[in-house]
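Q: A single structure is presented below for examination.
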Amino acid sequence: MIFNLSSSKTLVALAVTSSIMLAGCSATANTSSSQQSALPATPVAAVVNTPADAGSQNITLEQAMANPDWIGNQPKNAYWASDSATIIYAQKQQGSNLNDIYSQPINSKKAMQVSLDKLHTVGASKAVYSSDRTLQAYTFKGNVFVKNLTTGELKQITATSANESKPQFLNNGDLVYRQGNVFFKVDLKTGLSTELANLKLADEPKGLQEPTSYIAKEQHKLIEFVALQHKNKQDTQTRNEQINAQNSSIANTAFYLGDGNVIKEAQLSPNGDALIVVLQKQQSWRDKGDIMPNYITDDATIEPKKVRRRVADAKEQTSSVIHINLIDKTQTPLSFDTLPGFDEDVLAEVKKENYARDGKTYKSKKAPRGINLITNWGLNQAPIVWNDDGTQVAIMLEAWDNKDRWIATIDFDKNELVSQHRLHDDAWIAYAFNNFGWLHNSNTLYYLSEESGYSQLYKKPLNGKATALTSGQFEVSDITLTHDNSAIYYKANVEHPGLYEIYRVNPQTGKNEQVTDLNGMTDYTLSPDESKLLLKHSKITMPTELFVADAKANTTATQLTHTVSDEFLAKKLTAPKIVAVPSSHTEQPIYAKVYYPSDYVEGETGKSRKAVIFNHGAGYLQNSHMGWSVYFREFMFHSLLADEGYIVMDMDYRASKGYGRDWRTAIYRQMGTPETQDLADGVKWMAQNANVDTNAVGTYGGSYGGFMTFMALFTAPELFQSGAALRPVTDWAHYNTAYTANILNHPDVDPIAYERSSPIYYAEGLNKRLLINAPMVDDNVFFQDSVRLVQRLIELEKQNFETAIFPVEPHGFVQPSSWLDEYRRIHKLFKETL
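Per mature numbering (1 follows the signal peptide of the UniProt record, and there is no 0): the sequence shown = residues -29 to -1, 1 to 805.
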């Protein structure tokens, strides 16, 4: 199956029907067959009223930027204990970087701290279970533990200084774990540990070699000592080979995978009889000159810290897939040439454009593309998945050029890959929405795909047609299959792009049901017995807390934790409205948070208000949602600005997460252009709807948001009166490969895209006040980015910019004093310029 996504519109977007109401969430046609009971279409309001402003005490800048312990330390890394009746979670200590572990029964309001000597007894978030669900296995500090869920007995399987990992139950009840690249099997009845496979990254030893040159042969003829030594070595080698072949007590498990390789992934079949191994040629993660000086060290010297290479220095990689038969000890490489499109010149048009600029002609030709395992940030599963009986395996692969994703199985008779699904995107394959697996006890795959324009859930038998299990203009993620195949739980923003609830679908009937209705941001974990849900829920003005609910449709949740401080609850914080700003460039609106001053009167006139637009980071991130934001300091700063009379807007510009594939890829080969257009629509909306003076608007943001500040001030210099760029990107050729090459291809292929998208090429456009806040030990966006731009501005004789450096800060600021200094400067900039 092959699906193509192009940069043109692939869906019917939400249309703005009036300034009050938007039509949305209707089902869209799908190229796959349909077997779902569609969730009801829900009108999406252009303005969403969020919780009322909290507290009575105004926030100060000093308080907003203080150590966030004062807010209360929320539970994190929460998971179910094996009894499905207890929650385990971590909580940061007040005034310390240390975390404590707590255990809380779901029928109790009190959590008990787990003592240090008992930490190994509370399981782990990545615990695995035997097929009959009677045993649980997990690791703690590199050792393996098994718990009998019937008797409650906990047994330590390993106690070594090595690091054991990835426990796995086989279908016969044995346990397997890894120690580096060695797989061990444990008979839980006898305790016998057996080496299953030892994956060696070396060439296979050639054994004793017979002399081949003339002088070597003559040496053996003439010198009796040499000949005798050779014979003794040969006899020893032969005897060892005989012992290894005839004595079953000896592990003969070495598999030589070649010198100079690294193992990217290795997955053992549930029968313990086969391994799928993916190799890559070893490649350094950095070049010799990739260093970052650290000026503030404990010994007062300058420390040259090693950092990653830049996308401009990236070298194409391709992987090798090896099938290892552990029974007959054979290794079989599997070629990519059975995958559709493996040799297509998918960048032909891009190359033609770049060649033409240089007065050259590009002739397209087919050639094998670099193909590797899928890279999925945050994917909590392996990219290689065996079915339950170990007769089939699925592998998710992606092209080095980021334009294709394949789900492939293996024809073990022919020793070749078989494509089950190809997703092609003329822009790039998302690094989210790549969950997949097998329905239990079947040869039917399930997977997420953006082929409809939004991430949806599909199922596909090996020899059958794919069926859509969900459909609509919303994004499905975080899928969990129950062990009886009765439901696949998922997270989705069905009712509103910024409202996330939990749903489930029956993969047999296609019936979808809403599970939660909490009105905010909700994540979930299904309990081991699959009867309950652990929910992590937050609202715009309230940090994340833990809830528990029965795993059923229209469930009711009970709050377990209450960690927010009274001091935080007492603060008067402005709850932003979420508005749908009409776009001048797309049918979809631009969703944005808007903070209004307390004295704002709807419909007021006079264009008397000043305003600030905040640009969130990452690009592919959603901030105009109804949950607690990772930008909680900025939330408090925006409340402070609202207290001072500012209108503040926080936009989910094109490139943001949560709005479908076309929104995500609008920036392909033109980063900064759609976003600046959206900022202009935001300023226009505030002028028309919030009484804002367009000559009194500033902007700021960090990381990608800092990049956007540059692009707005440099390419649309009349849009804002001032801007602050924090830890900003100035030249995308200097950023990392995994992120940048998705959006702009690689610089050696598409220099036009890099020059079109990098602020340093537009610096001559600056004519308003600019503040650059640059952390100096930033190993994400290098300090050098800001240094190069400052030099460019100096050479352009610009006088309206200033730079603040932060010597001890990484990309995500840590020290409260640095946060405060940074935001004092931003605050001062807006007070002086707006």
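For glycine and all other residues, C-beta sits at the position ideal for the given N, C-alpha and C.
1) Pull up the distance between the alpha-carbon of Thr209 and that of Asn203, whole angstroms please.
2) What's the C-alpha gap between Asp88 and Tyr148?
3) Using only the alpha-carbon positions, how far apart do Ile473 and Gln84 sit?
4) Between Tyr109 and Ala95, is the Cβ-Cβ spacing less than 7 Å?
5) Among residues of its own chain, excluding the 5 on either side of Met597, which ones have a beta-carbon nearer than 6 Å to its beta-carbon?
6) Note down, in chain order, each residue of its chain lying with its Cβ closer than 7 Å to the Cβ of Arg328, except the 5 sequence neighbours on either side.
7) Helix, strand or coil for Val601 per DSSP?
8) Applying the criterion that 16 or more other CB atoms from any shown protein chain within 10 Å of the CB defines a buried residue, is Lys802 buried or exposed?
9) Whole angstroms are fine: how far does the CA of Ser627 sit from the CA of Ser3?
10) To which residues does DSSP link Arg376 through a beta bridge?
11) Give the secondary structure of Asp621 by DSSP, where H, G and I count as helix, E and B as strand, and everything else as coil.
12) Pick helix, strand or coil for Gly408, following the three-state DSSP scheme.
13) Comparing C-alpha positions only, which one of Gln75, Pro76, Ala61 sits nearest to Leu69?
14) Between Asn1 and the rest of its own chain, which residues show a CB-CB distance below 6 Å, the 5 nearest in sequence each way excluded?
15) Need the endpoints of the alpha helix (DSSP H) that Met657 sits in, please.
16) Let me know if Asp719 comes out buried or exposed under the rule of 16 or more other beta-carbons within 10 Å of its beta-carbon.
17) Considering Lys322, what are the terminal residues of the alpha helix (DSSP H) in which it resides?
18) Please list the terminal residues of the continuous alpha helix (DSSP H) segment that includes Trp634.
19) What span of residues does the beta strand (DSSP E) with Leu697 cover, start to end?
20) Using a Cβ-Cβ cut-off of 6 Å (strictly less than) and excluding sequence neighbours within five positions of Lys581, which residues of its own chain qualify?
21) Please list, in chain order, all residues of the same chain as Lys276 whose beta carbon is under 8 Å from its beta carbon, the five residues on each side excluded.
22) Kindly identify the DSSP beta-bridge partner or partners of Gly509.
23) Mind reading off the beta-carbon distance from Thr680 to Gly672? Whole number of angstroms is fine, and I expect it under 8 Å.
24) Could you tell me if the beta carbon of Pro499 falls within a distance shorter than 6 Å of some heavy atom in the ligand GTP?
25) Does Arg149 come out as helix, strand or coil in the three-state DSSP assignment?
26) My output table needs one value for Leu800: the three-state DSSP class, helix, strand or coil.
27) Going straight from the alpha carbon of Phe608 to that of Pro781, what length do you get?
28) Between which two residues does the alpha helix (DSSP H) holding Gly677 run?
29) DSSP on Val486, reduced to helix/strand/coil?
30) Do Ile549 and Lys564 have their beta-carbon atoms positioned less than 7 Å apart in this structure?
31) Along the alpha helix (DSSP H) that carries Arg763, what are the first and last residues, could you check?
32) In the DSSP output, which residue or residues are listed as bridge partners for Val248?
33) Fully enclosed by the stretch 506 to 585, which beta strand (DSSP E) runs are 3 residues long or longer?
34) When you compare only the Cα positions, how much space is there between Leu310 and Asp382?
35) Quick check: what's the CA-CA separation for residue 818 versus Lys507?
36) Suppose you measure from the CA of Leu305 to the CA of Trp256; what does that come to, to the nearest Å?
A: On the basis of the supplied data:
1) 10 Å
2) The straight-line gap separating the alpha-carbon atoms of Asp88 and Tyr148 is approximately 24 Å.
3) 30 Å
4) yes
5) The answer, listed in chain order, is Gly469, Leu470, Gly491, Ile511.
6) Ile723
7) coil
8) Its Cβ having fewer than 16 others within 10 Å, Lys802 is exposed.
9) At Ser3, the pLDDT of 44 sits below 50, so the modelled position is not reliable and the matter cannot be decided from this model.
10) Glu369, Leu394
11) When DSSP states are grouped into helix, strand and coil, Asp621 belongs to the strand group.
12) strand
13) Ala61
14) With a pLDDT of 34 at Asn1, under the threshold of 50, the modelled position of that residue is not reliable, and no figure is offered here.
15) Counting along the chain, the alpha helix (DSSP H) containing Met657 begins and ends at 644 to 660.
16) Around the beta carbon of Asp719, fewer than 16 other beta carbons sit within 10 angstroms, so the residue counts as exposed.
17) Per DSSP, Lys322 belongs to the alpha helix (DSSP H) from 319 to 328.
18) 632 to 636
19) 693 to 697
20) Tyr617, Ala667, Leu805
21) Ile262, Met263, Pro264, Asn265, Val748, Asp750
22) With the sequence shown as reference, residue 509 is identified as Ser, and Gly is not the correct amino acid for it. Looking at the DSSP assignment, Ser509 forms a beta bridge with Met492.
23) 6 Å
24) By its list of ligands, the structure shown contains no ligand whatsoever, and the ligand GTP lies outside what it can speak to.
25) Residue state for Arg149 is assigned as strand, using DSSP reduced to three classes.
26) helix
27) 21 Å
28) 675 to 686
29) coil
30) yes
31) 754 to 766
32) Ala237, Ile293
33) Listed in chain order, the complete beta strand (DSSP E) runs (minimum 3 residues) inside the stretch 506 to 585 are 513 to 521, 528 to 530, 548 to 552, 561 to 566.
34) 13 Å
35) Nothing can be reported for residue 818: it is not among the residues displayed for the chain, which extend from -29 to 805.
36) 26 Å
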